[in-house]
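Residue numbers (full-length UniProt numbering): 1 to 62.
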């Protein structure tokens, strides 16, 4: 079972990093524009604020 775990983890890691590199190559022309970075930054800010609000609600601060 250890061999299957190592093999599965290795394949998953390879697929993840290959997909990450391929996605970066595909998005490279789009990310040359400042508006694309603003959209990405806005999405990241939305996710972070959503998580922060959810965490403050879960501990009873608000």
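The beta-carbon is built from N, C-alpha and C at its ideal position, and this holds for glycine as well. Treat the numbers as computed from the prediction; the structure is a model and nothing was measured.
Tell me whether the beta-carbon of residue i lies closer than 9 Å to the beta-carbon of residue j.
i	j	result
residue 40	residue 48	no
Keeping to the same chain, check which residues put their C-beta closer than 7 Å to that of residue i; ignore five residues upstream and five downstream.
i	result
residue 4	none
Just to confirm my understanding: we take residue i, look at its own chain, exclude 5 residues before and 5 after, and list those with CB closer than 8 Å. What are they?
i	result
residue 56	62
residue 29	none
Quick check on the DSSP output: what are the complete alpha helix (DSSP H) runs of length 4 or more inside the segment 2 to 32, in order along the chain? 2 to 27
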